[in-house]
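Residue numbering for the sequence shown follows full-length UniProt numbering, beginning at 1 and increasing consecutively.
Here the structure comes first, spelled out in structure tokens, and everything after it is commentary.
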Amino acid sequence: MIKFWWETEFKETEIGKIPEDWEVKKMRDLFKIESGRRPPEVNDNGKFEVWGANGFMGYTTSYNYCGEFLITGRVGTLGHVFYIPENIKIWVSDNALIITKDKDKVIVKLYFYYLKTRKREIEELNVGSTQPLITQRDLKEIKIPYPPPPEQSRIATVLSWFDDLIENKKRQNEILEKVAMAIFKSWFVDFEPFKDEKFVYNEELGKDIPKGWEVKSIGEIFDLIKGKKCTVFERPTKNAVPYLLIENFKGGDISYWTTERQPFLEELDIVLVADGESSGKIFRYQRGIIGSTLLMLRQKVKKLDLRNYVYLYLKNAEDEIMEHRTGSAIPHLDKDFLREYVLIIPVSHVLQRFHSLVEPLFQKIILNQKQIMVLRKIRNALLPKLVFGKLRVEEV
1 MIKFWWETEF KETEIGKIPE DWEVKKMRDL FKIESGRRPP EVNDNGKFEV
51 WGANGFMGYT TSYNYCGEFL ITGRVGTLGH VFYIPENIKI WVSDNALIIT
101 KDKDKVIVKL YFYYLKTRKR EIEELNVGST QPLITQRDLK EIKIPYPPPP
151 EQSRIATVLS WFDDLIENKK RQNEILEKVA MAIFKSWFVD FEPFKDEKFV
201 YNEELGKDIP KGWEVKSIGE IFDLIKGKKC TVFERPTKNA VPYLLIENFK
251 GGDISYWTTE RQPFLEELDI VLVADGESSG KIFRYQRGII GSTLLMLRQK
301 VKKLDLRNYV YLYLKNAEDE IMEHRTGSAI PHLDKDFLRE YVLIIPVSHV
351 LQRFHSLVEP LFQKIILNQK QIMVLRKIRN ALLPKLVFGK LRVEEV
């Protein structure tokens, strides 16, 4: 059982009030900091993960670090911090800094959480002119609280407990979506339940489909609605809703809020990335206002909800959609290709049967997403109180 107590005795320090029995140190007192190196080649087929200033980048054929350490941006994107557990072999790229413990009496995981609270301070270390840049020397000078090692461990354990619950919910969601996709492929790619029915050749698709089924384009079924730039706030205000960026669909916390109401996205609506490296990627399960680099599909006639079916159809065709991107320096979703993309539309009773199978899976995913948001909210509220000693962990 976890026991907490509120600290009442503080001392003033360069980093603010901390408990009497804590110390203030500099990063260089506890950690060794060095730059990563350019990876041999980044692709999808290597054995080892490549990590950089923005996190996971892909795979490569060798590794340059193994052990428990932190990664933060050196050039380009600054302020993000990532934790790599012990015995994990990865390649850290040259746009990132590696932070490894230099003393035994330090719990690395605690300082992963602490540095997450200092994102703005890290960003302010920028000395770059053409692009953001921080130096090892400046990062080493950041002042940090130093609780007694047993308390470091207790704080890290409490915060890790929330992260473990969140990761468990994410894994559940991955499995649930894989089950939904397996059902989709069985029914509408391999046509397993319909083997005994009559098939007819469709010229548009260039293959046989069950008799009575239709072929329609995305543009016939959905309006394509582009997101927009909105006035945003870093904290939720009255009547504010989440302002959704690509990062939020990739698992990131909600960072911005807005009081604008259009274009509003529901959890089961289909979203595509319209601009940037991830153009063509397909997402859902968020609720709020979509940003300018995103595009949503809004069904024109809602007699029969096609969102689950079309989401899985497009997700299965995601690579093809990404292959048709436009632009060289900055990729963009080819909206004309998407609008004209043709789908097999089964007869209504088949769609209804399919919907009855996959809808509970998607509703469970949405429930898990809501629970993830609650867990993040609690963790984020506890985080500054724990790492600055306002709330003490007596027992874990």
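Heads up, the beta-carbon is just placed ideally off N, CA and C, and yes, glycines get one too.
Model, not experiment: these values are computed from the prediction.
Beyond the five residues adjoining it in sequence on each side, W91 comes within less than 6 Å, by CB distance, of P39, F48, V50, T60, Y63, N64 in the same chain, given in chain order. In the structure shown, E323 falls within a helical segment according to DSSP collapsed to helix, strand and coil. According to the DSSP assignment, E12 belongs to the beta strand (DSSP E) that extends over 10-13. Its chain contains K17, I18, P19, E20, G389 as the residues whose beta carbon lies nearer than 8 Å to that of F10, once the 5 sequence neighbours on both sides are disregarded; these appear in chain order. Cβ atoms of P263 and I225 come within 8 Å of each other, at about 5 Å.
Within the segment 20-88, complete beta strand (DSSP E) segments of at least 3 residues are found at 23-26, 31-35, 48-52, 55-60, 69-73, 81-84, given in chain order.
In this structure, E318 places its C-beta atom within 8 Å of the C-beta atom of G280. Of all alpha-carbon atoms in T259, V179, N95, the one lying nearest the alpha-carbon of N239 is that of T259. With a cutoff of 8 Å on beta-carbon distance, K105 and P149 are scored as near each other.
By the C-beta density criterion, A329 is exposed, having fewer than 16 other C-beta atoms within 10 angstroms. Here DSSP, grouped into helix, strand and coil, assigns I107 to coil. K109 and A156 have their C-alpha atoms roughly 6 Å apart. Residue pairing by DSSP puts A96 in a beta bridge opposite G73.
In the DSSP secondary-structure assignment, P242 is bridged to W257. Annotation: L343 to V189 spans about 11 Å, alpha carbon to alpha carbon. Beta-bridge partners of W91 (DSSP): V50. In terms of Cβ geometry, I270 and M296 form a close pair [threshold 8 Å].
CA-to-CA, the gap between L133 and I33 works out to about 15 Å. Excluding sequence positions up to five before and after L383, its CB lies within less than 8 Å of the CB of Y113, K116, T117, L159, all in the same chain and listed in chain order. Contact check for I107 against F31 fails: the beta carbons are separated by 8 Å or more. Distance from the CA of V241 to the CA of W257, rounded to the nearest whole angstrom, comes to 5 Å. A Cβ-Cβ distance of about 4 Å is found for the pair K119 and G79, placing them in contact under the 8 Å criterion. If you compare the alpha carbons of W187, L333, V358, N54 with that of I175, the shortest gap goes to V358. Scanning M1, N95, A180 for the CA closest to the CA of Y309 turns up A180. Rounded to whole angstroms, the gap between the alpha carbons of I84 and I71 is 8 Å.
By the Cβ-count criterion, A182 is exposed, with fewer than 16 other Cβ atoms from all chains shown falling within 10 Å of its own Cβ. Cβ-Cβ distances below 6 Å link E12 to nothing in the same chain once the five nearest sequence neighbours on each side are left out. Cβ atoms of G252 and G291 stay farther apart than 8 Å, at about 13 Å. Contact between the segment 355-375 and the segment 159-171 is established, with three or more Cβ pairs separated by less than 8 Å.
For the pair Y243 and E123, the Cα-to-Cα distance works out to about 22 Å. H355 is not bridged by DSSP to any residue. Taking R28 as reference, the option from V215, L304, I142, L165 with the minimal CA-CA separation is I142.
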